[in-house]
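Undergrad: Protein sequence lines correspond, in order, to chains A and B. Going by the numbering used here, the first sequence opens with residue 1, and the numbers climb by one from there. Going by the numbering used here, the second sequence opens with residue 132, and the numbers climb by one from there.
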Amino acid sequence: MEKPSAGLWRKIKPRYNLVGSQCKKCGSTYFPPRIVCKNCGRESRMEDRQFAGDGEVVSFTTIRVPPDTFKDEAPYIVGIIKLSEGPNVEGHIIDNGRKVEVGTKVKAAFRRMYVDGEEGLIYYHYKFEPI
Amino acid sequence: MMREVAVIGVGLSRFGERWNAGLKELMAEAGVAAIEDANVKSSDVEMLFGGTMASGRFMGQEHIAALMSDELGFRNIPAVRIENACASGGSALRLGYMSVASGIHDIVVVGGVEKMTDVTSAEAGTALGGAGDQEWELFQGITFPGLYAMMAKRHMHEYGTTEEQLASVSVKNHDNAYKNKYAQFHKKITVQEVLDSKMVSDPLKLFDCSPISDGAAALVLAPLEVARKYNDTPIKILASEQASDTLRLAARESLTSIKATSIAAQKAYKHAKVSAKDISIAEVHDCFTIAEIMAMEDLGFYDKGKAAKAVENGETRLNAGISINTSGGLKGCGHPVGATGVKQAVEVVWQLRGEAGERQVKDARIGLTHNVGGSGATAVVHIFGRAN
Ligand SMILES: [Zn+2]
């Protein structure tokens with residue numbers, strides 16, 4: 001895997017603030033950001049698009065056998081969230097005691113994701129909280 | 132003008148945790164068997180296509196195709212490695228097919244290999260995670276079982292699929308593997324044992340997941356017009372098709388269907404001039420139990436939402452309606468990722484020749500293989516038939 005820190009900083013805007021992209025030509029919205037619009041190909045005209053962060057759960061699961069980077073966080077819930085502006089986004093679902101089901105309404109929040117054991121760095125990321 | 136292509140030789144290594152066999156031993160085991168089966172001389176082979184997903188991650192060894200060619204004694208021929216995640220083997224077969232069909236080469240060897248058990252299961256999981264979108268899926272701790280679990284949960288939500296039905300896929304595939312001497316597992320299991328196995332990522336338990344495996348597989352291809360010179364029972368490749376899609380599961384149109392599979396399958400049926408109903412045996416990509424159910428639907432064997440019930444009813448067991456994963460599939464036979472797509476073709480060839488022993492399907496005439504990369508970003512479909 002790439003160095004986790006490099007992969008974090010390179011995508012800091014989308015990871016911290018849920019900034020994706022929108023095609024000025026056809027209006028399609030994307031998260032994470034894309035350089036080429038799937039509809040318009042070489043005619044793409046992309047600009048940044050801030051997503052509000054509300055959406056609903058399309059599917060979800062609890063990860064009980066995590067990759068090494070998340071070994072101290074397991075078990076944790078992840079899901080695919082349909083954002084109100086259109087695109088589907090993968091992310092963690094915060095366990096706040098509310099029941100998570102297909103269709104549960106969620107809101108994006110900025111939270112600690114994991115601590116890098118070697119460097120002791122704390123990584124933050126968007127997550128989704130059931131409301 | 133395109134030439135017709137036949138498989139004239141097949142070979143497998145035993146699948147499983149092969150602690151005393153490295154990449155070279157595994158490749159030689161399968162490759163020598165295929166060349167002997169084809170009755171070709173090493174010097175007849177003109178090119179080698181080798182599928183492997185992550186030999187660098189698993190073994191620190193890249194440049195696998197030249198290594199494979201040298202180990203098999205093919206002197207100085209062109210050799211190319213193909214990496215397409217878990218569909219590396221199927222993709223290698225398609226390229227081998229294209230090179231013979233085009234008239235560029237006559238005798239071509241297609242190999243697939245993966246040696247996965249020298250690393251810890253967490254390291255293996257991270258290596259396999261690279262088949263998805265590393266930046267957005269693996270980076271957030273979303274594993275492959277996690278991705279397929281989300282497909283399973285959505286399938287259950289939309290179609291009422293049950294955990295017992297998922298488990299019945301695993302039970303059937305273990306039954307078939309029991310009859311396959313190359314398989315990793317020779318142990319029959321029950322639905323209850325699957326349900327009681329350790330939860331990995333709900334609703335998928337350990338016995339819903341294919342294992343970490345070592346293994347290799349090989350095929351020898353030739354133009355159909357000369358195939359009988361080498362082999363009395365050449366098997367014709369009726370179609371070879373492939374499609375791609377987004378690496379990210381979240382970006383797909385549907386979580387309950389793999390679009391790349393349906394696209395590749397429809398093109399393959401059209402090219403082979405057959406329909407899903409004509410297929411009597413199929414090796415489908417059951418990396419997780421839900422994947423076999425989605426494959427049965429996406430390949431057109433069953434309507435959407437009907438496949439899970441069919442498995443539970445035993446309709447896909449040996450010699451039932453359509454026999455699916457007669458080898459034991461990825462679940463029962465094992466899943467050395469780069470070898471899997473090639474192994475599927477080996478099994479279909481044995482079945483069509485009538486050489487599958489205890490697991491032989493009666494009157495198997497047309498067979499299909501379905502090999503998926505990642506959570507569905509690549510799908511490869513081949514259709515095979517007896518030469519006449
Ligand atoms: Zn556009």
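In this text, a Cβ means the ideal position worked out from N, Cα and C, and glycines have one as well.
Let me know if LYS522 (chain B) comes out buried or exposed under the rule of 16 or more other beta-carbons within 10 Å of its beta-carbon.
TA: Because chain B is modelled from 132 through 519, residue 522 (chain B) falls outside the range shown and cannot be assessed.
Undergrad: Rank B:GLY140, B:GLY498, B:GLY488 and B:GLY436 by C-alpha distance to the C-alpha of GLU289 (chain B) and give the top, closest one.
TA: What you label residue 289 (chain B) is simply residue 158 of the second sequence in a count that begins at 1. Checking every option, the nearest Cα to that of GLU289 (chain B) belongs to B:GLY436.
Undergrad: Secondary structure at ASN307 (chain B), three-state DSSP: helix, strand or coil?
TA: By one-based count along the second sequence, residue 307 (chain B) stands at place 176. Looking at ASN307 (chain B) - three-state DSSP - the assignment turns out to be helix.
Undergrad: Could you tell me the distance, in whole angstroms, from the CA atom of LEU369 (chain B) to the CA atom of ILE514 (chain B)?
TA: Counted from its first residue, the second sequence places residue 369 (chain B) at position 238. Counted from its first residue, the second sequence places residue 514 (chain B) at position 383. Using only the alpha carbons, I get a separation of about 5 Å.
Undergrad: Would GLY507 (chain B) and VAL78 (chain A) qualify as a contact pair, given that the criterion is a beta-carbon distance under 8 Å?
TA: Position 376 of the second sequence, counted from the start, is the residue given in the question as residue 507 (chain B). Position 78 of the first sequence, counted from the start, is the residue given in the question as residue 78 (chain A). Cβ distance not < 8 Å, so GLY507 (chain B) and VAL78 (chain A) don't count as in contact.
Undergrad: So, under 8 Å CB-CB, LEU350 (chain B) and ALA476 (chain B) are touching, yes? Tell me the CB distance rounded to an integer number of Å.
TA: Along the second sequence, one-based indexing puts residue 350 (chain B) at 219. Along the second sequence, one-based indexing puts residue 476 (chain B) at 345. The pair is a contact, with the Cβ atoms about 6 Å apart (cut-off 8 Å).
Undergrad: So is THR251 (chain B) buried or exposed if we call it buried at 16+ other beta carbons inside 10 Å?
TA: Position 120 of the second sequence, counted from the first residue, corresponds to residue 251 (chain B). Classification for THR251 (chain B): exposed.
Undergrad: Pick helix, strand or coil for GLN315 (chain B), following the three-state DSSP scheme.
TA: On the second sequence, position 184 is the one that residue 315 (chain B) refers to. Looking at GLN315 (chain B) - three-state DSSP - the assignment turns out to be coil, as it is neither helix nor strand.
Undergrad: From PRO33 (chain A) to PRO342 (chain B), what distance separates their C-alpha atoms?
TA: As a first step, residue 33 (chain A) is located in the first sequence; it is residue number 33 there, counting from the start. As a first step, residue 342 (chain B) is located in the second sequence; it is residue number 211 there, counting from the start. Approximately 35 Å between the Cα atoms of the pair.
Undergrad: Is the Cβ-Cβ distance between ALA426 (chain B) and THR392 (chain B) less than 8 Å?
TA: Against the second sequence, residue 426 (chain B) aligns to sequence position 295. Against the second sequence, residue 392 (chain B) aligns to sequence position 261. Yes, Cβ-Cβ distance for ALA426 (chain B) and THR392 (chain B) is below 8 Å.
Undergrad: If you measure from the CB of SER28 (chain A), is any heavy atom of ligand 1 nearer than 7 Å?
TA: Locating residue 28 (chain A) in the first sequence gives position 28, where the first residue counts as 1. SER28 (chain A): yes, Cβ under 7 Å from ligand 1.
Undergrad: Taking C-beta pairs closer than 8 Å, name the residues in chain A that GLU268 (chain B) reaches, listed in chain order.
TA: In the second sequence, counting from the first residue as 1, residue 268 (chain B) sits at position 137. Near GLU268 (chain B) (Cβ distances below 8 Å), the residues of chain A are GLU90.
Undergrad: In chain B, what lies closer than 8 Å to ILE122 (chain A) by C-beta?
TA: Translated into the one-based positions of the first sequence, residue 122 (chain A) becomes position 122. Those within 8 Å of ILE122 (chain A) in chain B number zero; the least Cβ separation is about 15 Å.
Undergrad: Between TYR76 (chain A) and chain B, is the shortest Cβ-Cβ distance under 8 Å, so that the two count as touching?
TA: Residue 76 (chain A) sits at position 76 when you count from the first residue of the first sequence. Yes, TYR76 (chain A) lies at the interface with chain B (some Cβ there is under 8 Å from its Cβ).
Undergrad: Which residues mark the beginning and the end of the alpha helix (DSSP H) in which ILE394 (chain B) is found?
TA: The residue you call residue 394 (chain B) lines up with position 263 of the second sequence. Element bounds for ILE394 (chain B): 390-403.
Undergrad: Tell me whether CYS418 (chain B) counts as near ligand 1, meaning its Cβ is closer than 7 Å to at least one heavy atom of that ligand.
TA: Counted from its first residue, the second sequence places residue 418 (chain B) at position 287. Checking every heavy atom of ligand 1 against the Cβ of CYS418 (chain B), none is found closer than 7 Å.
Undergrad: Exposed or buried, what is VAL36 (chain A) when buried is set at 16 or more other beta-carbons lying within 10 Å of its beta-carbon?
TA: As a first step, residue 36 (chain A) is located in the first sequence; it is residue number 36 there, counting from the start. The residue is exposed, with fewer than 16 neighbouring Cβ atoms inside 10 Å.
Undergrad: Using a C-beta to C-beta distance shorter than 8 Å, which residues of chain A count as neighbours of THR274 (chain B)?
TA: Working through the second sequence from its first residue, we reach residue 274 (chain B) at position 143. Those within 8 Å of THR274 (chain B) in chain A are ILE63, VAL65, PRO66 and PRO67.
Undergrad: Can you tell me where the beta strand (DSSP E) with MET330 (chain B) in it begins and where it stops?
TA: Locating residue 330 (chain B) in the second sequence gives position 199, counting from the first residue. Per DSSP, MET330 (chain B) belongs to the beta strand (DSSP E) from 330-332.
Undergrad: Compare the C-alpha of LYS13 (chain A) against each of A:VAL89, A:HIS125 and A:LYS25 and name the closest.
TA: Within the first sequence, the letter at position 13 stands for residue 13 (chain A). Comparing Cα positions, the closest option is A:HIS125.
Undergrad: Closer than 7 Å: is that where the CB of CYS464 (chain B) sits relative to any heavy atom of ligand 1?
TA: For the purposes of this step, residue 464 (chain B) is taken as the residue at position 333 of the second sequence. Outside the cutoff, so no.
Undergrad: In the DSSP output, which residue or residues are listed as bridge partners for GLU414 (chain B)?
TA: Taking the first residue of the second sequence as 1, we reach residue 414 (chain B) at position 283. Bridge partners of GLU414 (chain B): B:THR500.
Undergrad: Nearer than 7 Å: is that true of the beta carbon of SER21 (chain A) relative to any heavy atom of ligand 1?
TA: Stepping through the first sequence from its first residue, residue 21 (chain A) is reached at position 21. SER21 (chain A): no, Cβ never under 7 Å from ligand 1.
Undergrad: Have a look at the DSSP bridge pairing and note the partners of LYS284 (chain B).
TA: Sequence index remark: in the second sequence, residue 284 (chain B) carries index 153 (1-based). LYS284 (chain B) is not bridged to any residue.
Undergrad: Could you give the distance in angstroms between the alpha-carbon of ARG379 (chain B) and the alpha-carbon of ASP249 (chain B)?
TA: Along the second sequence, one-based indexing puts residue 379 (chain B) at 248. Along the second sequence, one-based indexing puts residue 249 (chain B) at 118. So the two alpha carbons sit approximately 28 Å from each other.
Undergrad: Within the 8 Å Cβ cut-off, does VAL106 (chain A) reach chain B?
TA: The sequence position of residue 106 (chain A) within the first sequence is 106, counting from 1. Output row for VAL106 (chain A): interface = no.
Undergrad: From THR321 (chain B) to TYR309 (chain B), what distance separates their C-alpha atoms?
TA: As a working mapping, residue 321 (chain B) is identified with position 190 in the second sequence. As a working mapping, residue 309 (chain B) is identified with position 178 in the second sequence. Cα to Cα, the separation comes out at about 13 Å.
Undergrad: Does any residue of chain B have a CB that is nearer than 8 Å to the CB of ILE80 (chain A)?
TA: For the purposes of this step, residue 80 (chain A) is taken as the residue at position 80 of the first sequence. Closer than 8 Å: yes.
Undergrad: Within 10 Å of its beta-carbon, does MET133 (chain B) have 16 or more other beta-carbons around it, so buried, or fewer, so exposed?
TA: The residue given as residue 133 (chain B) occupies position 2 in the second sequence. Classification for MET133 (chain B): exposed.
Undergrad: Cβ of GLY465 (chain B) within 8 Å of Cβ of ALA314 (chain B)?
TA: To locate residue 465 (chain B), count along the second sequence from 1; it is residue 334. To locate residue 314 (chain B), count along the second sequence from 1; it is residue 183. Yes, the pair counts as a contact, with Cβ atoms nearer than the cut-off.
Undergrad: The beta strand (DSSP E) spanning GLN22 (chain A) covers which residue range?
TA: Numbered from its first residue, the first sequence carries residue 22 (chain A) at position 22. Unbroken beta strand (DSSP E) run through GLN22 (chain A): 19-23.
Undergrad: Just how far apart, CA to CA, sit GLY181 (chain B) and SER454 (chain B)?
TA: Taking the second sequence and counting its residues from 1, one reaches residue 181 (chain B) at position 50. Taking the second sequence and counting its residues from 1, one reaches residue 454 (chain B) at position 323. Each residue's alpha carbon lies about 28 Å from the other.
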